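Peer 1:
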Amino acid sequence: MNGKQCFCFFLFHLFYTGLFACGKPESSLAPEYFDLAHAYVQLHRYDEARDYYMRAARDPAYYHAAQYNFARVCGLQNDWKTAVHALQPLYDADSANATIAAAYAYALLSFGETARALLLYQQLYERDQKNTQRILEYANVLVHAKKYIQAVEFLRQKKSLLSEAEDVRVLQSIVRKLKDSVPPHLIADFVSTDDL
């Protein structure tokens, strides 16, 4: 095949694929956009991922998943304001969804909305009081909100549930934050190496 034939074949291929793509509504391309966005995330090309998640979100069938992943990518870029705005409609539509509520709470906390995040983490904990992840998240946010005594008392009550190695590691990290953040006389009765 010579150069002229290759060029003609390329034009024919371009015209042929363009003809079918033009007749295809953009929302039906949502699966491809979603997959492209995911691939861009894997390549750490977050701006492109954001663009394709937004395109995928135009299709109602992909809206929730694309919007959630868009917010996640915003978080990876430390764009917490956009992440909060992306997650808020999802949370408003389904506040009982623990995955969305936890992501929204984390974005709020990272954006500096500590009071709102604390309320959400408290609600998440109250829904599932034996979930060690929820216990540790709530305790960590209490420390972040400078509610140190409340955090110590809460951890003392829940310590018996925190027996897994990872839970103990996170607990020790929270205790270190308490010790670093609070004058010793304020927590002397609450925190000791043996007590927590």
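Heads up: the sequence shown is residues -21 to -1, 1 to 175, going by mature numbering (1 follows the signal peptide of the UniProt record, and there is no 0).
From the three backbone atoms N, C-alpha and C, an ideal C-beta is built for every residue, glycine too.
Quick caveat, the model's predicted, so the values are computed rather than measured.
Taking the continuous alpha helix (DSSP H) assigned at Asn119, which residues delimit it?
Peer 2: Per DSSP, Asn119 belongs to the alpha helix (DSSP H) from Thr111 to His123.
Peer 1: Hey, Leu69 and Tyr85 are a contact pair by Cβ (cut 8 Å); roughly how many whole angstroms apart?
Peer 2: That pair is no contact at about 13 Å.
Peer 1: Which of the three DSSP states, helix, strand or coil, is assigned to Gln56?
Peer 2: Residue state, collapsed to three classes: coil.
Peer 1: Helix, strand or coil, according to DSSP, for Lys27 in the structure here?
Peer 2: Residue 27 is actually Glu in this sequence, not Lys. Correct three-state label for Glu27: helix.
Peer 1: For my contact list, Arg34 and Tyr19 are in at a C-beta cut-off of 8 Å; report their separation, rounded to the angstrom.
Peer 2: At roughly 12 Å, the Cβ-Cβ gap does not stay under 8 Å, so Arg34 and Tyr19 are not in contact.
Peer 1: Just to confirm, is the Cβ distance from Ala9 to Ala40 under 9 Å?
Peer 2: For Ala9 and Ala40, yes; Cβs fall inside 9 Å.
Peer 1: What do you get for Lys137, buried or exposed, if any count of 16 or more other CB atoms within 10 angstroms of its CB means buried?
Peer 2: The residue in question, Lys137, is buried, as its Cβ has 16 or more Cβ neighbours within 10 Å.
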